[in-house]
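A quick write-up on the structure given underneath.
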Amino acid sequence: MSKKLAINGGAKAKTTPNFPMYPGGLEIGEEEKQQVMEVLDRKYLFRYYGPEEYPSKVRALETMFAGKADSKYALAVTSCTAALITSLVACGIGPGDEVIVTGYTFFASCASIVAANAIPVICEIDETLTMDPRDVEKKITPSTKAIMVVHMRGVPCDMDAIMAIAKKHDLKVIEDCAQAVGGTYKGKFLGTIGDCGCYSFQYHKTITAGEGGMIVTQDERLYDRCMGYHDTAACWRPDRFAEQRYEGELFVGVNFRMSELIGAVMIAQLNKLDSLLSLMRRNQKIIIDGIINTKGIEVRPRNDDDGDTGICLMFYLDTHEKVSPFVEALKAEGVGAAGVFDSGIPDWHIYAHWKHIVKKKSATVKEWPWSSAFYKGNVEYSEDMNPKTLELLGRIVHLDIPSQMSEKDCEMIAEAINKVAAVFA
Ligand SMILES: Cc1ncc(COP(=O)(O)O)c(C=O)c1O
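Numbering (this note's numbering), first residue to last: 119 to 543.
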């Protein structure tokens, strides 16, 4: 017999407080302070020079990150958006080129394509809530030059299928790992499988300095071009004022350089990544083990169970209509839960709400970059163009999994889900 739900006056299944989802942010402590104080004491705030010789924190962070990712090159930047724009430019993507991206990602992935003057083509997700490779194939046109995969909510995309498509059609692959730092696919660090991998250190992410980003690549030329673009105009090439060594080395860039203060905080945070991941994965496993056989819910399948970073739990109900009452019942039980897609509730993570893209809004030239004379395609957008994406997201219940939760918290969450599901099944 089902127990009386808390929403109907029954006892709560979870009686402990919920933590906000700032895994690295909540762990900021002495290690970060010490790193930052070193920078301030030395007055060494710029990666290239200061009042006296001193090893750059940003450079040290890049070396550490490349080591952790097992990547040849790593370049620190100001944000993941900056990392995505820089990677696109380095890959030679620009006016007239289409880039395929999913309709379930933070808007910044799509915006970075427009910022690089290219055209986003928005494809469907599959049951894993990551890019559907079958739909990618359908969306390829003569203008397609790249695929931007998004390892959304900590889960790896189907990289074997995507890399095979990219190879067949000679496309670049940029991995948006903003929400999946430390995740893996078949043992490889996410971000090191495509041409460039991009990470975010914004405050909501697993490790953080409030803002910040990183690019990894295995290709020396791409690293060189990322370096040049992120630093105004290849200002710091080995021989700064020499003629270019190859076509495409010297071009006008922007300033996406990371500050030494951010680099210092990130060194301390990167040292905490493994323990944060193992706590979140432990917590996620306890909850999944507790609900895996529960009638009426289906846990989000993953392309590689071991590669999930464990930042959240997402499960399907059988209808969209059940999501809102299910979420309310879970909240009453003391569990922080939310639905994902509702057409009436704006959310920058779902393409149907990206008015700027759907209506081709531009800050300057009308409908730029779609109106560019270089563009030979004819992409159009509408709020219902990817129905599968909306249908899948419309049936999802989402729970953050802060690393700070205890095993007992997780057991209570599983109990609450089971209790609510018993009524809804
Ligand atoms: C999937 C995804 N891509 C890109 C970004 C942009 O990251 P940033 O804020 O570091 O520019 C985010 C940030 O939330 C994100 O979630």
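The beta-carbon is built from N, C-alpha and C at its ideal position, and this holds for glycine as well.
As the structure is a computational prediction, the values presented were derived from the model and not from experiment.
Answer with buried or exposed for residue i, where buried requires no fewer than 16 other C-beta atoms within 10 angstroms of its C-beta.
{"i": "D159", "result": "exposed"}
{"i": "Y364", "result": "exposed"}
{"i": "H287", "result": "exposed"}
{"i": "T259", "result": "exposed"}
{"i": "M277", "result": "buried"}
{"i": "D313", "result": "buried"}
{"i": "A284", "result": "buried"}
{"i": "I514", "result": "buried"}
{"i": "M398", "result": "buried"}
{"i": "V458", "result": "buried"}
{"i": "Y321", "result": "exposed"}
{"i": "S500", "result": "exposed"}
{"i": "R418", "result": "buried"}
{"i": "A282", "result": "exposed"}
{"i": "I325", "result": "buried"}
{"i": "K526", "result": "exposed"}
{"i": "Y167", "result": "exposed"}
{"i": "S396", "result": "exposed"}
{"i": "G462", "result": "exposed"}
{"i": "F433", "result": "buried"}
{"i": "K390", "result": "buried"}
Work out the CA separation of residue j and residue i for me, nearest whole Å.
{"i": "E439", "j": "F319", "result": "35 Å"}
{"i": "A543", "j": "A296", "result": "35 Å"}
{"i": "K161", "j": "G381", "result": "14 Å"}
{"i": "D422", "j": "E416", "result": "17 Å"}
{"i": "G212", "j": "V232", "result": "9 Å"}
{"i": "P169", "j": "L163", "result": "10 Å"}
{"i": "F224", "j": "P251", "result": "19 Å"}
{"i": "Q522", "j": "K494", "result": "51 Å"}
{"i": "T482", "j": "S490", "result": "12 Å"}
{"i": "C528", "j": "I429", "result": "13 Å"}
{"i": "G366", "j": "S230", "result": "21 Å"}
{"i": "M384", "j": "A456", "result": "30 Å"}
{"i": "C344", "j": "D188", "result": "19 Å"}
{"i": "P443", "j": "S120", "result": "17 Å"}
{"i": "W466", "j": "K122", "result": "36 Å"}
{"i": "E242", "j": "L179", "result": "35 Å"}
{"i": "P520", "j": "A298", "result": "14 Å"}
{"i": "A129", "j": "A534", "result": "11 Å"}
{"i": "T181", "j": "S174", "result": "11 Å"}
{"i": "N401", "j": "P138", "result": "15 Å"}
{"i": "L511", "j": "P464", "result": "14 Å"}
{"i": "I393", "j": "F307", "result": "Note on identity: in this sequence residue 393 is Ser, with Ile being the wrong assignment. Each residue's Cα considered, the two are about 16 Å apart."}
{"i": "F374", "j": "L247", "result": "30 Å"}
{"i": "G127", "j": "A447", "result": "11 Å"}
{"i": "I405", "j": "A532", "result": "5 Å"}
{"i": "P487", "j": "P141", "result": "38 Å"}
{"i": "V445", "j": "K403", "result": "21 Å"}
{"i": "R358", "j": "R339", "result": "17 Å"}
{"i": "G300", "j": "E485", "result": "38 Å"}
Would you say the beta carbon of residue i is closer than 7 Å to some non-hydrogen atom of ligand 1?
{"i": "F224", "result": "yes"}
{"i": "T199", "result": "yes"}
{"i": "F502", "result": "Here residue 502 turns out to be Asp, not Phe, going by the sequence shown. Flag unset: Cβ of D502 not near ligand 1."}
{"i": "S521", "result": "no"}
{"i": "D294", "result": "yes"}
{"i": "Q320", "result": "yes"}
{"i": "S227", "result": "yes"}
{"i": "G210", "result": "no"}
{"i": "V268", "result": "yes"}
{"i": "Q297", "result": "yes"}
{"i": "G221", "result": "no"}
Spatial neighbours of residue i within its chain, please: C-beta separation below 6 Å, excluding the five flanking residues on both sides.
{"i": "K413", "result": "A543"}
{"i": "G221", "result": "I240, Y469, N504, T507"}
{"i": "E149", "result": "A386"}
{"i": "A540", "result": "S120"}
Can you list, in chain order, the residues of its chain with a C-beta nearer than 7 Å to that of residue i? Leave out the 5 residues immediately preceding and following it.
{"i": "G331", "result": "V195, T196, S197, C198, A200, A201, C316, Y317, S318, F319"}
{"i": "V94", "result": "Residue 94 is absent from the model: the chain starts at 119 and stops at 543."}
{"i": "Y341", "result": "Y191, L193, T335"}
{"i": "G454", "result": "N136, L517, D518"}
For residue i, which residues in the same chain have their Cβ closer than 8 Å to its Cβ, ignoring the five residues on either side in sequence?
{"i": "A279", "result": "P251"}
{"i": "N536", "result": "G408, I409, T412"}
{"i": "S524", "result": "T134"}
{"i": "K132", "result": "E451, G452, V453, D527, M530, I531, E533, A534"}
For a test of your reading of the model: does the CB of residue i fall under 7 Å from any non-hydrogen atom of ligand 3? Yes or no.
{"i": "G331", "result": "Absent from the structure shown: ligand 3. Ligands present: ligand 1."}
Any beta strand (DSSP E) of 3 or more consecutive residues that is wholly inside the stretch 148 to 227: 191 to 195, 216 to 220
Segments of 3+ residues assigned as beta strand (DSSP E) that fall wholly inside the stretch 275 to 332: 290 to 294, 314 to 318
Whole beta strand (DSSP E) elements within the stretch 420 to 485, 3-residue minimum: Taking 3 residues as the shortest admissible run, the stretch 420 to 485 contains the following complete beta strand (DSSP E) segments, listed from N- to C-terminal end: 430 to 434.
Runs of alpha helix (DSSP H) lying entirely within the stretch 327 to 402, each at least 4 residues, in chain order: 338 to 348, 378 to 388
Sequence ranges, beta strand (DSSP E) only - wholly within the stretch 245 to 277, length at least 3: Counting only runs of 3 or more, we get 262 to 268.
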